[in-house]
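Shown next, in structure tokens, is the structure this report addresses.
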Amino acid sequence: MNRHHGARLLLADDHTLVAEACKGLLEPEFQVIGIVADGRALLRAALEHRPDAVVVDVGMPLLNGLDAGEQIKRHLPAVKVVYLTMEAAPELAAEAFRRGASGYVLKSAAAEELVTALRRVLRGESYLSPQLTKDTVNFLIRTRKPGLREKRITKRQREVLQLLAEGRSMKEVASVLDLKPGTVAFHKYRIMESLGVKTNAELLQYAIKQHMIPS
Amino acid sequence: MKRDAPTRRHGPRPAPHPWTLGRRVALETLISDLSASLVDLPTDAAEEHIHHAFEEMLEFFHLDRVALWEFSQDRSEMVLLHCRRTPGTPPAPVRVDTEDYRWTTHQLLRGEPIFVHDGRNLPADAQAVKEAMAQQGIRSWLALPLRRDGVVFGALVFVAIRRQMRWLGKVISRLQTVADIFGSALARHRAEQALRQSEALKSSILSSMKSHVMVVDRAGVIIASNRESVKVCSLQPCAAHLTAGMNYLETLRRCAQQGDAAVQESVRGIESVLAGTCPVFEIEYAGRAAEQRSWFAMTVTPLTGAEGGAVIVHRDITARKHAESELRESEERFSRIADEAPVMMWTREPDGDVIHVNKFGLEMTGWRAEDFTLPKWMAAIHPDDLQKNFGTWAQAMDARQKYTLEYRYRHASGQYRWLLACGMPRYLADGSFAGYVGIGIDIQDQKEAEQARHELAGRLLRAQEDERARIARELHDDIAQRLALLTIRLRQLEQEAAQTADQERIAVLRRQSKQLSLDVSHLSHLLHSSYLENLGLAAAVENQCRETAELHHLEIDCKVRNLPRVLDHDVALGLFRVVQEALRNVIRHSHAAQIQVELFADGATLHLRITDDGVGFDSAAPGHAEGLGLVSMKERLRLVGGECTISSQPARGTRVEARVPLVQQHRHAPARADEDILEKAG
Chain H
98 MNRHHGARLL
108 LADDHTLVAE
118 ACKGLLEPEF
128 QVIGIVADGR
138 ALLRAALEHR
148 PDAVVVDVGM
158 PLLNGLDAGE
168 QIKRHLPAVK
178 VVYLTMEAAP
188 ELAAEAFRRG
198 ASGYVLKSAA
208 AEELVTALRR
218 VLRGESYLSP
228 QLTKDTVNFL
238 IRTRKPGLRE
248 KRITKRQREV
258 LQLLAEGRSM
268 KEVASVLDLK
278 PGTVAFHKYR
288 IMESLGVKTN
298 AELLQYAIKQ
308 HMIPS
Chain S
267 MKRDAPTRRH
277 GPRPAPHPWT
287 LGRRVALETL
297 ISDLSASLVD
307 LPTDAAEEHI
317 HHAFEEMLEF
327 FHLDRVALWE
337 FSQDRSEMVL
347 LHCRRTPGTP
357 PAPVRVDTED
367 YRWTTHQLLR
377 GEPIFVHDGR
387 NLPADAQAVK
397 EAMAQQGIRS
407 WLALPLRRDG
417 VVFGALVFVA
427 IRRQMRWLGK
437 VISRLQTVAD
447 IFGSALARHR
457 AEQALRQSEA
467 LKSSILSSMK
477 SHVMVVDRAG
487 VIIASNRESV
497 KVCSLQPCAA
507 HLTAGMNYLE
517 TLRRCAQQGD
527 AAVQESVRGI
537 ESVLAGTCPV
547 FEIEYAGRAA
557 EQRSWFAMTV
567 TPLTGAEGGA
577 VIVHRDITAR
587 KHAESELRES
597 EERFSRIADE
607 APVMMWTREP
617 DGDVIHVNKF
627 GLEMTGWRAE
637 DFTLPKWMAA
647 IHPDDLQKNF
657 GTWAQAMDAR
667 QKYTLEYRYR
677 HASGQYRWLL
687 ACGMPRYLAD
697 GSFAGYVGIG
707 IDIQDQKEAE
717 QARHELAGRL
727 LRAQEDERAR
737 IARELHDDIA
747 QRLALLTIRL
757 RQLEQEAAQT
767 ADQERIAVLR
777 RQSKQLSLDV
787 SHLSHLLHSS
797 YLENLGLAAA
807 VENQCRETAE
817 LHHLEIDCKV
827 RNLPRVLDHD
837 VALGLFRVVQ
847 EALRNVIRHS
857 HAAQIQVELF
867 ADGATLHLRI
877 TDDGVGFDSA
887 APGHAEGLGL
897 VSMKERLRLV
907 GGECTISSQP
917 ARGTRVEARV
927 PLVQQHRHAP
937 ARADEDILEK
947 AG
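Read top to bottom, the protein sequences are chains H and S.
Its first residue numbered 98, the first sequence is counted upward by one per residue in our numbering.
Its first residue numbered 267, the second sequence is counted upward by one per residue in our numbering.
The structure is reproduced here in structure tokens:
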């Protein structure tokens with residue numbers, strides 16, 4: 098038994114069955130204090146419950162895992178972020194670590210690795226699924242310029258963009274973010290201007306590249 | 267210069283012969299004899315007459331030498347023409363340099379006679395004369411200028427050696443008369459010689475001319491002719507000897523009565539030139555020889571001068587006429603063929619605006635012949651095509667090279683139609699540029715078929731990609747997740763199992779399920795790269811290279827640089843598929859150890875280059891390259907306006923090169939669903 102026995106965890110995955118199964122996998126050792134199905138719910142729950150760690154899927158509606166994880170790290174730096182995903186791309190893992198993640202676990206290997214990953218992460222170490230080559234990810238973390246992480250649009254704009262890219266109407270976006278529809282339209286206009294894009298298709302591509310929405 | 271003083275001093279010294287009346291009469295008789303013999307100096311006996319006159323004078327004056335000199339054209343020397351001397355007298359020099367006898371020359375050219383009784387009355391600057399006198403033993407001498415039209419051209423020189431002479435003024439003036447007679451005789455003689463030479467030249471020119479040249483007077487009488495008898499034809503009358511004295515015009519008038527139109531017209535022409543009412547008359551006429559058609563041209567030009575008259579020239583133009591008619595026949599033949607040909611044919615003069623188009627061309631375009639000008643045609647070319655082709659076109663025309671272009675022009679119906687236009691510079695037999703000749707083929711149907719084929723190919727490729735993406739997403743989002751879930755549940759079951767044997771059995775199942783999940787994930791990735799969409803072309807290509815290198819133990823040097831931030835998805839996908847296809851080819855066929863993949867943007871073009879050091883193949887051999895997925899690569903790139911080439915040689919490796927323009931001018935129907943995805947504002 099280690100000293101993190103009983104650590105409080107939040108699980109975030111839109112595949113709720115997977116999340117439930119993971120809960121079963123983790124329960125004997127850790128305390129799962131909640132399961133959420135999107136990035137926004139994760140943010141709210143994290144701020145409310147102040148967990149020791151969050152287990153986050155990368156692709157999630159309303160707010161994607163990468164952006165949600167990054168925001169959690171900004172507001173609650175002590176919370177460890179572990180990604181649990183089907184994506185085996187080293188670039189994506191590298192991006193996750195750059196944004197403050199402590200662990201990156203492939204869903205296929207969750208049964209074997211998730212508990213180990215959380216133990217390590219709570220000890221202050223990092224964890225990467227062995228299917229991904231550590232050297233490659235390290236190399237990418239070091240070398241890849243923050244091209245994936247566009248600084249040119251604001252946090253609010255990123256939120257608006259993800260929701261629009263998910264196919265929501267301006268009204269829906271406004272409701273999710275508690276804004277007026279006109280403000281959403283203004284944000285959209287500003288985003289396109291900042292990115293220098295002219296069509297919705299380009300905007301969609303940008304959102305995909307930023308992992309705001311799954312491909 | 268003290269030139270006058272010494273020469274004009276007439277000393278009253280005793281003469282050898284007293285200047286008696288009898289002697290004066292004898293002198294006058296001599297002068298009139300000389301005049302008579304020299305005035306009509308016969309050309310062929312001029313020398314004889316001159317020498318005889320000299321002998322007479324030597325005897326009459328008891329002199330020793332009489333010589334006739336002439337200045338050269340540039341007055342640099344005097345040339346001896348005639349000389350008579352008494353026995354024992356030294357000969358006169360053949361030529362003397364006037365520079366050496368400046369004083370003498372100067373006097374003579376001024377028209378002054380020089381009389382020297384002895385050396386003493388010579389001026390100081392006539393040193394050369396003194397020396398010559400001393401050398402030849404000359405006691406006295408007299409030089410008289412020879413004039414022609416008031417210009418001095420030579421001198422008559424009398425020399426006395428045996429005794430001294432006292433030149434009397436009266437004698438000098440009479441001798442000057444003699445000199446003048448010599449001068450004019452000589453001048454006339456010279457002019458006659460020149461005339462005779464020029465006549466000889468003219469007649470040799472005339473007789474050597476191929477044309478028949480006649481000079482006729484105002485009445486049409488032949489003054490001169492370079493042929494006595496010429497080719498038989500209507501205007502060079504039958505059996506007539508065209509000799510001087512015959513009336514050519516009159517002969518023609520008689521011929522004209524037989525009704526020959528050309529002869530009648532010629533008579534009128536010659537008459538009008540002779541009357542001064544026509545500046546020049548020209549006519550071309552056929553010869554009479556039946557077996558071989560010959561052609562002549564007659565030109566009548568007036569003679570200037572009070573007497574009037576004309577020069578009549580007959581030229582043989584048979585060769586030219588034959589060439590002309592051959593050319594005309596060949597052009598007529600060409601024009602006949604061109605008009606019947608089932609293809610648009612056109613010609614354009616050098617720097618001309620008018621385009622001559624055959625019948626088919628007019629039918630094909632629906633244009634009227636008078637509308638076929640270069641400016642109108644260019645205005646009818648589709649602006650995009652004009653912009654694209656104009657440089658090539660202008661360059662070819664400037665360099666007079668042939669060109670082949672494909673462009674759309676506006677048909678008379680107002681519709682644009684595709685045309686294949688070929689132009690070729692045309693040169694005449696003498697090598698001169700004669701403009702362009704070319705053909706035009708309507709390729710609208712081919713273009714439409716081609717377009718339809720590309721669109722179909724594009725739709726097929728896109729449908730295939732869409733289907734792959736759908737299956738990949740299904741596998742990734744559903745099957746793989748469910749397998750992951752199964753694995754997790756098996757893990758839980760494994761932990762809950764009481765028996766070790768059960769635990770082991772479940773662990774085997776769990777491991778199988780995990781492998782299955784990973785395999786499905788991988789398969790999904792192969793079917794449709796989420797890398798490309800998630801991470802962009804650069805990362806996707808780098809990742810593909812890395813994976814391939816690891817899997818097949820190869821070295822792949824992947825260089826990606828300078829890519830634009832936002833890239834058209836179809837462009838990215840097309841290039842990514844080319845990378846996949848090329849790498850697959852390398853692994854399957856080339857046995858390469860090293861592969862180089864380069865991807866970069868250069869201005870408005872994206873370049874992809876995949877080079878290997880493998881066994882290669884003969885890319886020039888037909889059919890080979892097509893088998894290597896080149897067709898599908900080409901089709902993919904064509905969808906985004908790009909192109910792809912494969913070059914290879916046996917044992918020299920292979921290079922695949924793809925180029926895609928970054929700015930799309932024209933795209934086939936974009937996916938509307940994508941466009942609208944963000945436009946659902948309520």
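Glycine is no exception: its CB is placed at the ideal position from the N, C-alpha and C atoms.
For the putative contact between residue i and residue j, defined by C-beta atoms under 8 Å, what is the C-beta separation to the nearest angstrom?
i: H:L276; j: S:R757; result: Rounded, the Cβ-Cβ distance is 44 Å, inconsistent with contact.
i: H:E256; j: S:A805; result: Not quite, the Cβ-Cβ distance comes to about 25 Å (not below 8 Å), so this is no contact.
i: S:I549; j: S:S532; result: 6 Å
i: S:V832; j: H:V294; result: 6 Å
i: S:A750; j: H:V115; result: 6 Å
i: S:I471; j: S:V481; result: The Cβ separation is near 13 Å, so there is no contact.
Using the C-alpha atoms, what's the distance from residue j back to residue i?
i: S:L789; j: S:A729; result: 19 Å
i: S:L905; j: S:L849; result: 21 Å
i: H:L245; j: S:F638; result: The predicted model places H:L245 with a pLDDT of 45, which falls under 50 and marks its position as unreliable; any figure quoted below should be read in that light. Those two C-alpha atoms are separated by around 59 Å.
i: S:L798; j: S:L841; result: 11 Å
i: H:L203; j: H:P227; result: 9 Å
i: S:R376; j: S:L441; result: 18 Å
i: S:V529; j: S:M564; result: 11 Å
i: S:R854; j: S:E762; result: 48 Å
i: S:I745; j: H:E117; result: 17 Å
i: S:L422; j: S:T443; result: 11 Å
i: S:T753; j: H:K268; result: 41 Å
i: S:R602; j: S:S591; result: 16 Å
i: H:L274; j: S:E714; result: 51 Å
i: H:L229; j: S:Y673; result: 54 Å
i: S:L540; j: S:Y551; result: 21 Å
i: S:G416; j: S:I583; result: 52 Å
i: S:G907; j: S:D868; result: 16 Å
Where does residue i fall in DSSP's three states?
i: H:K295; result: coil
i: S:H873; result: strand
i: S:T364; result: coil
i: S:P503; result: Below a pLDDT of 50, predicted positions are generally treated as unreliable, and S:P503, at 49, falls in that range; the measurement from the model is reported next regardless. Here S:P503 sits in coil by DSSP.
i: S:N655; result: helix
i: S:E294; result: helix
i: H:G244; result: For H:G244, the predicted structure reports a pLDDT of 45, less than 50, and the residue's modelled location is therefore unreliable. The matter cannot be settled from this model.
i: S:P916; result: coil
i: H:M309; result: coil
i: S:S406; result: strand
i: S:C544; result: coil
i: S:S779; result: helix
i: S:K587; result: helix
i: S:D270; result: Only weak support is given to the placement of S:D270: the predicted model assigns it a pLDDT of 40, under 50, and the value that follows is read from those uncertain coordinates. Note: S:D270 maps to helix in three-state DSSP.
i: H:A109; result: strand
Could you tell me if residue i is buried or exposed, where buried requires 16 or more neighbouring beta carbons within 10 angstroms of its beta carbon?
i: H:D149; result: buried
i: S:W561; result: buried
i: S:S338; result: exposed
i: S:G542; result: exposed
i: S:P616; result: exposed
i: S:D836; result: buried
i: H:Q168; result: buried
i: S:D664; result: exposed
i: H:K177; result: buried
i: S:R559; result: exposed
Residues in the region 111-134 of chain H having any Cβ partner in chain S nearer than 7 Å: H112, L114, V115, A118, C119, G121 and L122
Under 9 Å (Cβ pairs) to chain H, residues found in the region 870-886 of chain S: Per Cβ criterion, the list is empty.
Contact residues within the region 819-839 of chain S, judged by C-beta distance below 7 Å to chain H: V832 and H835
Proximal residues, the region 209-232 of chain H versus chain S, C-beta separation under 9 Å: E209, L211, Q228 and T230
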